[in-house]
Amino acid sequence: DGARAPPLVLLHGYGSGTGIYYAALPPLAEAWPGSVYALDSPGCGLSSRPRWTSGVQECSVSAAEDWWIERLEGWRETMGIENFVLCGHSIGGYMAVACVPRPL
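Heads up: the sequence shown runs through residues 56 to 159, numbered per the numbering used here.
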């Protein structure tokens, strides 16, 4: 049932935006049993450009990942989505993997 299927969330690669999925969205939306979303990463495409405050040289990888994941989490909460499936291209794929909970 499509109403119970988790949404599919597409994350684009570096230096692009959701337009990279223009040809794939119609067949994905037809085949996927739930909703399909293509998101622009922070600072890309039509997204907002939140200020980066963590520095460059002194920023840890986990701090950079967390900054991005917090924005994805904010979108998820705003949309009222409990679970979803992530599909990413290039750095979008990296960020999809970075969203997997880390062991404490």
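We put the beta carbon where it would ideally sit given N, CA and C, even for glycine.
Because the structure is a prediction, the values reported are computed rather than measured.
Kindly list the residues whose CB is nearer than 8 Å to the CB of residue i, restricted to its own chain and excluding five residues on each side of it in sequence; keep chain order.
i	result
W87	A60 and L63
A153	E120, W123 and I124
Y149	G143
Are the beta-carbon atoms belonging to residue i and residue j less than 8 Å from one another?
i	j	result
L66	G147	yes
A164	Y69	A question about residue 164 goes unanswered here, because the residues of the chain that appear run from 56 up to 159.
S102	S96	yes
R104	G98	yes
Can you list, in chain order, the residues of its chain whose CB lies under 7 Å from that of residue i, leaving out five sequence neighbours each side?
i	result
P129	Checking the displayed sequence, the identity of residue 129 turns out to be Gly instead of Pro. Hits under 7 Å: none found.
Using the DSSP secondary-structure output, state which residues sit across from residue i in a beta bridge.
i	result
A78	For A78, which the question treats as bridged, DSSP gives no partner whatsoever.
G143	L66
A93	L65
Going by Cα to Cα distance, which pick from the options is closest to residue i?
i	options	result
V140	A151, T133 and E132	A151
G72	A84, V155, H144 and P156	H144
Excluding the five sequence neighbours on either side, which residues of its own chain have a C-beta within less than 6 Å of the C-beta of residue i, listed in chain order?
i	result
R126	P97
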